[in-house]
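Undergrad: Residue numbers (our numbering), protein chains in the order written: chain A, 1 to 330; chain B, 331 to 660; chain C, 661 to 984; chain D, 985 to 1308. Idealized CB from N, CA, C, for every residue including glycine. Right, I'll just put the structure down here and ask away after.
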Amino acid sequence: MTASAPTLDDWKEMLRTLWRIRLFEGQVQRLAAAGEVPGFPHLSTGQEAVAVGVCAHLTRKDSLFTGHRGHGHALAKGCDLQATFAEIIGRDSGLCRGRGGSMHLVDADNGMLGATGVVGGNLPLAAGAAWAAQVRGDRTISVVFFGDGATGAGVFHETVNLAVLWRLPILFVCENNGYAEFTSREEHSKVNHVSAFAAPYGMPAKTIDGNDLRVVHAAAGNAIAGLRDGSGPFLLECMTYRLAGHYVGDAQQYRSKEDLAAVQEKCPIERLKRQLIAQGVSESELAGIAEEAKREVLQAVEGARAAARPDPSTVLEYVYSAPSLSATTG
Amino acid sequence: MTASAPTLDDWKEMLRTLWRIRLFEGQVQRLAAAGEVPGFPHLSTGQEAVAVGVCAHLTRKDSLFTGHRGHGHALAKGCDLQATFAEIIGRDSGLCRGRGGSMHLVDADNGMLGATGVVGGNLPLAAGAAWAAQVRGDRTISVVFFGDGATGAGVFHETVNLAVLWRLPILFVCENNGYAEFTSREEHSKVNHVSAFAAPYGMPAKTIDGNDLRVVHAAAGNAIAGLRDGSGPFLLECMTYRLAGHYVGDAQQYRSKEDLAAVQEKCPIERLKRQLIAQGVSESELAGIAEEAKREVLQAVEGARAAARPDPSTVLEYVYSAPSLSATTG
Amino acid sequence: MAQKLTFIEILRRALDEELTRDPAVHLLGEDVAVGGAFGVTKGLAQKHGAQRVRNTPISEAAITGVATGAAICGLRPVLEIMFIDFVTLAMDCLVNQAAKYRYMSGGQLAVPMVVRTQAGAAGGAAAQHSQSLESWFIHVPGLVVVAPSSPVEAYGLLKSSVRLGDPVLFIEHKRLYAQREAFVPDGPLPGIGTARIARAGTDVTLIAYSAMVGNALEAAEELARSGISAEVIDLRTLLPLDMSTIAASVAKTHRAVIAHEAVLNGGVGAEIAAHIGHELFDELDAPVTRVGCPFAPIPFAPELERALLPGTANIVAAVRELSS
Amino acid sequence: MAQKLTFIEILRRALDEELTRDPAVHLLGEDVAVGGAFGVTKGLAQKHGAQRVRNTPISEAAITGVATGAAICGLRPVLEIMFIDFVTLAMDCLVNQAAKYRYMSGGQLAVPMVVRTQAGAAGGAAAQHSQSLESWFIHVPGLVVVAPSSPVEAYGLLKSSVRLGDPVLFIEHKRLYAQREAFVPDGPLPGIGTARIARAGTDVTLIAYSAMVGNALEAAEELARSGISAEVIDLRTLLPLDMSTIAASVAKTHRAVIAHEAVLNGGVGAEIAAHIGHELFDELDAPVTRVGCPFAPIPFAPELERALLPGTANIVAAVRELSS
Ligand SMILES: Cc1ncc(C[n+]2csc(CCOP(=O)(O)OP(=O)(O)O)c2C)c(N)n1
Ligand SMILES: Cc1ncc(C[n+]2csc(CCOP(=O)(O)OP(=O)(O)O)c2C)c(N)n1
Ligand SMILES: [Mg+2]
Ligand SMILES: [Mg+2]
């Protein structure tokens, strides 16, 4: 958690986290292609600055909820690289002992309270966590990451109404990447900017460049400071781009080569590197940061791959609070 | 359907319809107290001008959907007084042969296509009817009446988004009576005016005095003309008051005597009468209109009460398109 | 001497006591701060504060999600959904989130939440305010389904539900709300998943829950007059289902009739009948018979509603058919 | 000679032909104009026009309502809900509106609509993308539930569904999508509510639907090797349920095993077992046995998913137990 303005070291640390996420998901993609990743993982490649810029202001006591594209959010919130990767490849040492997988990362100790595969389903859960924080009165907050497509879900609007009505300490972070699956924003809604949905409720909202870490960090910092002071919910819309497909394996016929090339330009990592170089950081130091992150990630990946698989005989654990509870008793 | 500006006779006819609804629901209340009305009917007493002012512009080919407070909408749309009353008291001669009741009035021939008891449930159905009209391309439209409380339901927002996206010929008519059951608008949302929800979508919307028939008639007329020309959806918010309780039997402890008295002031019937008198219509003529309406209503009520009750042996009819379809075959 | 309380008054008392006992307990729902549609929570906001008894907008999906999220974070929310017909709006949260949270998180998080809802047909509430949908929920691993049959039963079962560490769907039948019963709060709270013998008998086992237990007892009374001794089991909880109590009874009577108001097809009775038919195959002297609603929505007109709904007479007839 | 088509290709063909046959038929759903998440509708927007094959926002409740409202007004919408897990978001419309419209209106209006959805567990889709929830819907009067077991079956059943005058939930199992089958479009379309004998036998009746029919056939093959002749019934439609075909078979074999992937408790198998136990009480030589998923959500890890899901081996074991 960065209280005051970030130092140069803080920025370097955030660059490291950007690299961790980027390389971590690169490994997910590589192993998915190799058939080592069950299910259909969704990568946040290109959107990492949103996760890092927002989570830099959170502590382990703050709650975070995400959706199907949540690897980056989990890592930025402080989830262990190896335990997270182990979960994504279904190992017993995974965050959820292999029960959840890519779309359901939970790490209670780090305040990573949920990821849902049902678009929009995480929004009211996050509001509930914010309500609990309000009851505790400990200045902690709840943050929920969701995509632009989720604003098509009624529960988004229900949740915003309730959050404003109850003045809940919740930060709505929309990653507007212009697409929902294979369909562009224009075909999903005439409302181009998700922040526009806040106006009727008088909820403060802002649309920012989600690929510029400094912009995200500053905007999130202000919003979160207000939230901790009890000023009520805030909607932060981060305009971003996904460099990868909707899920690993998506042929992306709906995007032209040109679009994809143009998008590469906006890479948040390159962006931050240029900024740091302008501040006098050397190319070699930057390369070193990437190298370290790569080492960390590869070590985590290999550790996860070497980990044991869940014991099939444990498949009926964790359904209820007590074994006496099941479909039938006696 | 009034094409050009209404003549004095048109206004008198509309006054007659206002009275029909008022007296019809008075009879519902009276017989409910006497135990002759099953269920828990919701009266629109005080809100009649919205139904009459909007429906004056509709033909039998236009679709109408309403909710739990829909008696007035059905009558204004042209449903037969006796068949409607018969439905509300559960007779075989009722609009739905006694299957539906007060909250589920349907009269297909009159374009009265549905009333749902689930708040908000009627909105997407009306959008679907508008889609069908768009496909037919016959300049007919779909109208849906709903309360201010329904904007708390996510499906309201989902439907507006889709209606705007598909440019559907649908008129959203919100009767904002300031209450949802026993809870005032303020406790349901920080958004005082439902019309504000239209802004993000760029959907035209208007908030008007729903107790002034002339205002409703004019606003609805303009909106509907645009709809027929294919200009896309419109949201008309009519500020109104319910003079009665939420349902017949509601003790209304949540409203002070003063509030209730003040509300009586706004009676749309008295309002129209004053206007007509100002236009030189005589008190006695106005009294005559009320008298006629009363005769009509009482005759309908007595006719309905004398009608046969449904035959219990027919209870399994109308579940499927063919008797061969049921839980099990053979 | 024991005071007589209605089902509604006893629910209020149980909630009042739980609010007093545990500061984590919070109530929310439409109009609950002013008592709710049926008056169950009347006075509780005044007594326990507006922060703990909260009105909500008409947003069943969001308020169920908010209760779930709060439960994950240590609150014990008790949510009121006015009619079970509206639980249809909260199915994603209940089924995909709340029921699976403990499992998907590998045991890290739990959802100690009670969703109180009102169900059943009576007085012409018609097709969208009269359903009995409990069987959907016994098909969802992670949920608990409770359906009390009387005021006194409701008191203990509601308290046990509030104290459980799992999401509970607590179903209150509208026909029971006005019922009065002498009430002496004593003894331990009922365990979730334990049925009770509402009446002992030897010739046939009548299995029921919620308001239908009253019909089963009436039927037993009537059958007794013609010399048939019926044992009546009040299931209390549908998930978990107390098969040991059922099995012990049927092993004794060799005949079983299951009765519920819900539509027969795909109802809870099917699961019980399938169990008995399998586990007690050699014990049965007659086919397990189910009494339930014929396959149609609930009609509005009283004559039709009456014609459709199963009742005491249907249970008696079913037993007589078995015994003949 | 007959071409081989996948389940997906055959669904596309059926939809293409129905779009061509009847101008009232319209498709809608998320991404359907670009083929949908699984490619079923690929090319149909180009061929039949963007007005008849429409993309929608991620608004399951509204798009189901829009399809219902359009059906009331004469269109024949075919809606795609990507995963049955998301049908949880459309329950109000499906259950309270679409299923009851004909009844509540006293026969004035009908809802000829098909909701195509994809279900079942495979490949680590995990708890929120793997469910089998069909049994909820057989409990809802007014709905029709269809669950094809193979490409050729899907072709006829989808066309029959599109032509029906009632709301149909059409369930496609993800395990079947890539399956290929030789396809010769001929003969009349299957009637909704008629099961088929997938394999004739004399010693035991195996009852299944959707992908589990394949397992039942595998089991029958294996049992044949040890001299047990199993008859396999493919239900095709779960609502209505073809009890006459089931009864005829069990009256012959005197033994029945019902298999489905869905959770056992409260599953479709319970209803079938209850029927057989009642209607064929005197015919049974052994208890009706059910094979289904143990009571837990679908886990992510392949080892756990495999451990939980029922399959051919479970069916074989169930039959051997009966026969011993
Ligand atoms: C309720 C629901 N409907 C459909 C889906 C299938 N689906 C998965 S991701 C997705 C697109 C989501 O778009 P957006 O919210 O913008 O997030 P993004 O994928 O762009 O990050 C869809 C439709 C789902 N998971 N949940
Ligand atoms: C989904 C749903 N939740 C709750 C209810 C119970 N209920 C019936 S009417 C009503 C209030 C509706 O308020 P509003 O929409 O403003 O209409 P009004 O009654 O004021 O005309 C509520 C909550 C319902 N019918 N449907
Ligand atoms: Mg997106
Ligand atoms: Mg209102």
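1) Just how far apart, CA to CA, sit residue 332 of chain B and residue 388 of chain B?
2) Just grab the DSSP bridge partners of residue 740 of chain C for me.
3) Report whether the distance from the Cβ of residue 477 of chain B to the nearest heavy atom of ligand 4 is below 7 Å.
4) Please tell me whether residue 119 of chain A and residue 76 of chain A are closer than 8 Å, where the distance is taken between their beta carbons.
5) Identify every residue that forms a DSSP beta bridge with residue 715 of chain C.
6) Can you pull the chain C residues whose beta carbon is under 8 Å from the beta carbon of residue 1087 of chain D, in chain order?
7) Flag residue 746 of chain C as yes if its beta-carbon sits less than 8 Å from any beta-carbon of chain B, otherwise no.
8) Measuring straight from C-alpha to C-alpha, what distance separates residue 275 of chain A and residue 12 of chain A?
9) Starting from residue 502 of chain B, trace the beta strand (DSSP E) both ways and give me its first and last residue.
10) Return the chain-ordered list of same chain residues with a C-beta closer than 7 Å to the C-beta of residue 684 of chain C, the five sequence neighbours on each side being excluded.
11) Given this structure, state the Cα-to-Cα distance separating residue 1159 of chain D from residue 1176 of chain D, to the nearest angstrom.
12) Grab me the residues of residue 1196 of chain D's own chain with a C-beta within less than 6 Å of its C-beta, minus the 5 sequence neighbours each way, in chain order.
13) Under a three-way DSSP split, which group does residue 111 of chain A fall into?
14) Once you ignore the five residues that flank residue 1192 of chain D on each side, which residues in its own chain have a CB closer than 6 Å to its CB?
15) Exposed or buried, which one is residue 464 of chain B when buried takes at least 16 other CB atoms within 10 Å?
16) With a 10 Å radius around its C-beta and 16 neighbouring C-beta atoms as the bar for buried, classify residue 848 of chain C as buried or exposed.
17) Between residue 725 of chain C and the rest of its own chain, which residues show a CB-CB distance below 6 Å, the 5 nearest in sequence each way excluded?
18) Between the C-alpha atoms of residue 1139 of chain D and residue 1112 of chain D, what's the straight-line distance to the nearest angstrom?
19) Which of the three DSSP states is assigned to residue 751 of chain C in this structure?
20) At a cut-off of 7 Å, would you count residue 177 of chain A as near ligand 1, judging by its Cβ distance to the nearest heavy atom?
21) At 9 Å on the CB atoms, spell out the chain D contacts of residue 584 of chain B, in chain order.
22) Identify whether residue 972 of chain C lies in helix, strand or coil by the three-state DSSP scheme.
23) Taking only beta-carbon positions, decide if residue 451 of chain B is within less than 8 Å of chain D.
24) Considering Cα atoms alone, identify which of A:16, A:106, A:37 is closest to residue 249 of chain A.
25) Along the alpha helix (DSSP H) that carries residue 1243 of chain D, what are the first and last residues, could you check?
26) From residue 231 of chain A to residue 542 of chain B, what distance separates their C-alpha atoms?
27) What's the gap between the Cα of residue 158 of chain A and the Cα of residue 527 of chain B?
28) Identify the contact partners of residue 14 of chain A in chain D, using a Cβ-Cβ distance below 9 Å as the criterion.
29) Does residue 8 of chain A pass the burial test, meaning 16 or more other C-beta atoms within 10 Å, or should it be called exposed?
30) Would the C-beta of residue 1049 of chain D count as close to ligand 2, meaning under 7 Å from any of its heavy atoms?
31) Can you find a CB in chain A that lies within less than 8 Å of the CB of residue 875 of chain C?
32) Restricting to Cα atoms, I'd like to know which of C:953, C:722, C:965 is closest to residue 974 of chain C.
33) Checking contacts by CB at 8 Å: is residue 211 of chain A closer than that to chain B?
34) At a Cβ threshold of 8 Å, is residue 176 of chain A touching chain C?
35) Give me the Cβ distance between residue 237 of chain A and residue 195 of chain A, rounded to the nearest whole Å; I'm assuming they're in contact under 8 Å.
36) Helix, strand or coil: how does DSSP classify residue 904 of chain C here?
TA: Looking at the coordinates:
1) Within the second sequence, the letter at position 2 stands for residue 332 of chain B. Within the second sequence, the letter at position 58 stands for residue 388 of chain B. Caution is warranted here: a pLDDT of 45 is assigned to residue 332 of chain B, below 50, making its placement in the model unreliable, and the coordinate value is therefore given only provisionally. Approximately 8 Å, taken between the alpha carbons.
2) As a first step, residue 740 of chain C must be located in the third sequence, where it is residue number 80. BP columns for residue 740 of chain C point to C:689, C:776.
3) What you label residue 477 of chain B is simply residue 147 of the second sequence in a count that begins at 1. At least one heavy atom of ligand 4 is nearer than 7 Å to the Cβ of residue 477 of chain B, so yes.
4) Numbered from 1 along the first sequence, position 119 holds the residue referred to as residue 119 of chain A. Numbered from 1 along the first sequence, position 76 holds the residue referred to as residue 76 of chain A. No, they are not a contact pair.
5) Counted from its first residue, the third sequence places residue 715 of chain C at position 55. When DSSP reads this structure, residue 715 of chain C sits in a beta bridge with C:689.
6) The sequence position of residue 1087 of chain D within the fourth sequence is 103, counting from 1. Within chain C, the residues placing a beta-carbon under 8 Å from that of residue 1087 of chain D are 787, 956, 957, 959, ordered along the chain.
7) As a working mapping, residue 746 of chain C is identified with position 86 in the third sequence. With 8 Å as the cut-off, residue 746 of chain C counts as an interface residue toward chain B.
8) Here the question's residue 275 of chain A lines up with position 275 in the first sequence. Here the question's residue 12 of chain A lines up with position 12 in the first sequence. Looking at the backbone, the Cα of residue 275 of chain A and that of residue 12 of chain A are separated by about 11 Å.
9) Stepping through the second sequence from its first residue, residue 502 of chain B is reached at position 172. Residue 502 of chain B -> beta strand (DSSP E) spans 500-506.
10) In the third sequence, counting from the first residue as 1, residue 684 of chain C sits at position 24. Short of 7 Å from the beta carbon of residue 684 of chain C, and not among the five residues preceding or following it, lie these beta carbons of its own chain, in chain order: 734, 735, 736.
11) For the purposes of this step, residue 1159 of chain D is taken as the residue at position 175 of the fourth sequence. For the purposes of this step, residue 1176 of chain D is taken as the residue at position 192 of the fourth sequence. Rounded to the nearest whole angstrom, the CA to CA distance from residue 1159 of chain D to residue 1176 of chain D is 23 Å.
12) Taking the first residue of the fourth sequence as 1, we reach residue 1196 of chain D at position 212. Once the five neighbours on either side are set aside, the close Cβ partners of residue 1196 of chain D are 1243, 1244, 1245.
13) As a working note, residue 111 of chain A is residue 111 in the first sequence. In the three-state reduction of the DSSP assignment, residue 111 of chain A falls in the coil class.
14) The residue you call residue 1192 of chain D lines up with position 208 of the fourth sequence. Excluding sequence neighbours, residue 1192 of chain D sits near 1200, 1243.
15) Residue 464 of chain B sits at position 134 when you count from the first residue of the second sequence. Flag for residue 464 of chain B reads buried.
16) To locate residue 848 of chain C, count along the third sequence from 1; it is residue 188. Classification for residue 848 of chain C: exposed.
17) Looking up residue 725 of chain C in the third sequence gives position 65. Listed in chain order, the non-local C-beta contacts of residue 725 of chain C below 6 Å within the same chain comprise 753, local neighbours out to five positions each way being set aside.
18) Here residue 1139 of chain D corresponds to residue number 155 of the fourth sequence, with the count starting at 1. Here residue 1112 of chain D corresponds to residue number 128 of the fourth sequence, with the count starting at 1. Cα-Cα distance, rounded: 28 Å.
19) Here the question's residue 751 of chain C lines up with position 91 in the third sequence. Three-state DSSP puts residue 751 of chain C in a helix.
20) For this step, residue 177 of chain A is matched to residue 177 along the first sequence. True, at least one ligand heavy atom lies under 7 Å from that Cβ.
21) In the second sequence, residue 584 of chain B corresponds to position 254, counting from 1. Here the premise fails: no neighbours, minimum Cβ distance about 27 Å.
22) Here residue 972 of chain C is taken as the residue at index 312 of the third sequence, counted from 1. Three-state result, residue 972 of chain C: helix.
23) Reading the second sequence from its first residue, position 121 is the one you call residue 451 of chain B. Taking CB atoms only, residue 451 of chain B has a neighbour in chain D less than 8 Å away.
24) Along the first sequence, one-based indexing puts residue 249 of chain A at 249. Answer by Cα proximity: A:37.
25) The residue you call residue 1243 of chain D lines up with position 259 of the fourth sequence. No alpha helix (DSSP H) holds residue 1243 of chain D; the beta strand (DSSP E) holding it covers 1240-1247.
26) Taking the first residue of the first sequence as 1, we reach residue 231 of chain A at position 231. Taking the first residue of the second sequence as 1, we reach residue 542 of chain B at position 212. The C-alpha of residue 231 of chain A lies about 40 Å from the C-alpha of residue 542 of chain B.
27) For this step, residue 158 of chain A is matched to residue 158 along the first sequence. For this step, residue 527 of chain B is matched to residue 197 along the second sequence. The C-alpha of residue 527 of chain B is placed about 12 Å away from the C-alpha of residue 158 of chain A.
28) Within the first sequence, numbered from 1, the residue matching residue 14 of chain A stands at position 14. Chain D residues near residue 14 of chain A: none, gap ~30 Å exceeds 9 Å.
29) Counted from its first residue, the first sequence places residue 8 of chain A at position 8. Residue 8 of chain A is exposed by the Cβ-count criterion.
30) Your numbering for residue 1049 of chain D matches position 65 in the fourth sequence. No, ligand 2 has no heavy atom inside 7 Å of this Cβ.
31) Position 215 of the third sequence, counting from 1, holds the residue named residue 875 of chain C. No, its Cβ sits nowhere closer than 8 Å to a Cβ of chain A.
32) Taking the third sequence and counting its residues from 1, the one referred to as residue 974 of chain C is at position 314. The alpha carbon of residue 974 of chain C has as its nearest neighbour, out of C:953, C:722, C:965, the alpha carbon of C:953.
33) Your numbering for residue 211 of chain A matches position 211 in the first sequence. Interface residue (Cβ-Cβ distance to chain B less than 8 Å): residue 211 of chain A is not classified as such.
34) As a position in the first sequence, residue 176 of chain A is number 176, starting the count at 1. Chain C contact via Cβ: absent.
35) The residue given as residue 237 of chain A occupies position 237 in the first sequence. The residue given as residue 195 of chain A occupies position 195 in the first sequence. Here residue 237 of chain A really is in contact with residue 195 of chain A; their C-beta atoms are around 4 Å apart, less than 8 Å.
36) Within the third sequence, residue 904 of chain C is the residue found at index 244, counting from 1. The three-state secondary structure of residue 904 of chain C, taken from DSSP, is helix.
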